[in-house]
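All letters in the sequence shown, in the order written, are residues 506 to 625 by the numbering used here. Here's the structure we're looking at; comments come further down.
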Amino acid sequence: MINVQTKLDIVDNSGGILAQCIRILRKRHLANVGDLLIISIKNARPNKKVKKGVLYRSVLVRQNRNIQRKNGIYIKFKRNSTVLLNQKNNPIGNRIRGPVCQELRKKKLMKVISLAPTVF
């Protein structure tokens, strides 16, 4: 689960490396996989689409805490990871590194799933 001020890895090729969660866009104060976040870019590559210190929307695609599915399987990733989105909830980058969770299908984020190499 992600709380405010949690550091997140950015796993698309938009140019961001590290981000910090500013706000969670749901009623609860904790975020799970598939929830939308407002993040601030803390570290970015030079000459790319995103700049350091700018606020963006993002979706959480992997989390460090166990995710329980209805069939009894628990899934856990090593890092908390996110993908940057524009105002229409479309990804800013055009490539995603690593797998994304299957729970994004329930949130209707099919464009993020289509860019990922694997859906876990």
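A virtual CB, placed ideally from N, CA and C, is assigned to each residue, including glycine.
- Counted as a single uninterrupted DSSP element, the alpha helix (DSSP H) harbouring V617 occupies residues 615 to 620.
- In summary, Q592 is exposed, with fewer than 16 beta-carbon neighbours lying within 10 Å of its beta-carbon over all protein chains present.
- Restricted to the region 524 to 609, the beta strand (DSSP E) segments that are unbroken, complete and at least 3 residues in length are 541 to 549, 560 to 567, 586 to 590, listed in chain order.
- As the crow flies, the alpha-carbon of S519 is around 7 Å from that of K553.
- Rounded to the nearest whole angstrom, the CA to CA distance from V555 to L620 is 19 Å.
- Rounded to whole angstroms, the separation of the alpha carbons of I597 and K512 is 20 Å.
- By the Cβ criterion, the region 528 to 536 is not in contact with the region 605 to 620, since fewer than three pairs of Cβ atoms, one from each stretch, lie closer than 8 Å.
- Under the DSSP assignment, I515 falls in the beta strand (DSSP E) whose first and last residues are 512 to 515.
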